[in-house]
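First up is the structure itself, then whatever we jot down about it.
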């Protein structure tokens, strides 16, 4: 399998950079720009797992942070949990990242995120969050969310270091014919258009969906 044509097609149409990664929990297949970039709201997944480990009373904040990316709920969880437990969840899920910083500032690559998602089902306390990422609101179900049955979290922001261009990323689990497939996408178009960022992820998702039957499944189902 080769994801490079998927990345090349998105970049040819919209400029900029993109990446695609799929992992079984051990190895990763990746194409495109796999440098670490800001995790943005995708960090809310390990943050929510860490918060719920500490207290089930944080459920409402976790649900809001995941399903419609509520920043106030995220801030409350981060203030109560801190960086250490978030880094622990990432490590327990077989992944790594840059230093865990104030929520969206943690640096994470697409390949690291795909490995994280592939192992998340085996991570203690992840079950409620795995349910939440299957209930992302319709207005955020572009890109990876276009694939039927996808459980995912996205992140997006215009970045000054990218000249104000939008950085969009998504990570999630998609049902394939042989089991759950763990994947992550990133996109930074050549323009400053948020619509172009989302459209790049739409193209990526459509390309990956066409290959679902051939993709390795996550070791944790």
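Numbering (my numbering), first residue to last: 1 to 221.
Even glycine gets a Cβ: it sits at the ideal position worked out from N, Cα and C.
Cβ-Cβ separation between residue 185 and residue 110: approximately 7 Å, consistent with a contact (criterion under 8 Å). Looking at the DSSP output, residue 184 shares a beta bridge with 21, 171.
Of the residues assessed, residue 196 falls on the buried side of the cut-off, its CB having 16 or more other CB atoms within 10 angstroms. Comparing alpha carbon positions, the residue from 154, 76, 43, 96 closest to residue 202 is 154.
Only residues of its own chain outside the window of five on either side were considered, and among them 41 have a CB closer than 6 Å to the CB of residue 69, listed in chain order.
A straight line joining the alpha-carbon of residue 198 with that of residue 124 spans about 32 Å. When only Cα atoms are considered, residue 141 and residue 168 end up about 13 Å apart. Inter-residue distance for residue 107 and residue 49 is about 18 Å (C-alpha atoms, whole angstroms).
In the DSSP annotation of this structure, the continuous segment of the beta strand (DSSP E) that includes residue 151 starts and ends at 151 to 158. DSSP places residue 65 inside the alpha helix (DSSP H), whose first and last residues are 59 to 67. The shortest C-alpha to C-alpha distance from residue 120 to any of 65, 75, 54, 181 is the one to 181. Excluding its 5 nearest sequence neighbours in each direction, residue 147 has C-beta neighbours in its own chain below 6 Å: 174, 205, 209, listed in chain order. Straight-line spacing of the CA atoms in residue 78 and residue 47 works out to 7 Å.
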